[in-house]
Every structure is written in structure tokens, then in C-alpha cells.
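Some notes on the structure that comes next.
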Amino acid sequence: MEGTMNLKSSKSVNVGPDVIRIVAFVLQAFFAEIDLKSSKEEEDGEESIGLHRRRKVGTKTSSEKVNMLIHHMLSKKLNRPQPASA
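Start counting the sequence shown at 1; every next residue gets the next number (full-length UniProt numbering).
Okay, structure coming up:
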């Protein structure tokens, strides 16, 4: 599973399958931690207020979130000016 990411600029980045798997794993763990924290905060808020609110479910799948975050991270890196070679 090799991939090429086309960013807003004319540059593209070739990444190997291992890199994609590692980044996807790290990002999924990151999103899971965020979901756990937000769930805990909502539970704490419900207990203190006594309201029973439904948890909002995002419309994006985890792979869409991963792609969006990778795109965001790489586009910042690629938009930096390249040093002139001697």
C-alpha cells in the first residue's frame, strides 16, 4: 500500500506502506484518546448539571480524519521555502 499525497501545491510526497501504517496507527490512537477525554468531560458535566445529553457523533470516518490530518501536517512542511542549493 504505497501512496502519493497531492497537496494544494504542485508537489507530491511519496510515502511507503510502513510509513502510512505507522502514521495511521498513531493518529487513530490520538483520536481515540481525544474521544475518551471528551466523553469523560461530558460525563462529568452531566453528573454536575444532571442533564442527559447525547454524545455528538462526527460525520467523518477515522480514515477521513487521518487523511485530513496528514494533509494538514504535510502541507505546512511543503509550503516552507526550500533552501537554494549551491
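Every residue gets a Cβ at the ideal spot worked out from N, C-alpha and C, and that includes glycine.
Notebook entry, point to check: Under three-state DSSP, which class holds Asn79?
Noted result: Stepping through the sequence shown from its first residue, residue 79 is reached at position 79. It is coil, neither helix nor strand.
Check: On the three-state DSSP scale, how would you describe Lys65?
Finding: Here residue 65 refers to the residue found at position 65 when the sequence shown is read from its first residue. Three-state DSSP puts Lys65 in a helix.
Margin query: Spatial neighbours of Leu27 within its chain, please: C-beta separation below 6 Å, excluding the five flanking residues on both sides.
Written below: Here residue 27 is taken as the residue at index 27 of the sequence shown, counted from 1. Closer than 6 Å at the Cβ level, and outside the excluded window around Leu27, lie Val66 and Leu69.
Next item on the list: Would you identify the three-state DSSP class for Lys37, choosing helix, strand or coil?
Entry: Reading the sequence shown from its first residue, position 37 is the one you call residue 37. Lys37 falls in the helix class under three-state DSSP.
Notebook entry, point to check: Candidates Val23, Gly16, Asp18 and Pro17: which alpha carbon is nearest Met73's?
Noted result: Counted from its first residue, the sequence shown places residue 73 at position 73. Residue Val23 is the option with its Cα nearest to Met73.
Margin query: According to DSSP, is Leu51 part of a helix, a strand, or is it coil?
Written below: Start at 1 with the first residue of the sequence shown, and residue 51 comes out as number 51. Any reading at Leu51 needs caution, since the residue's pLDDT is 49, under 50, leaving its predicted position unreliable; the model's value is listed next. Here Leu51 sits in coil by DSSP.
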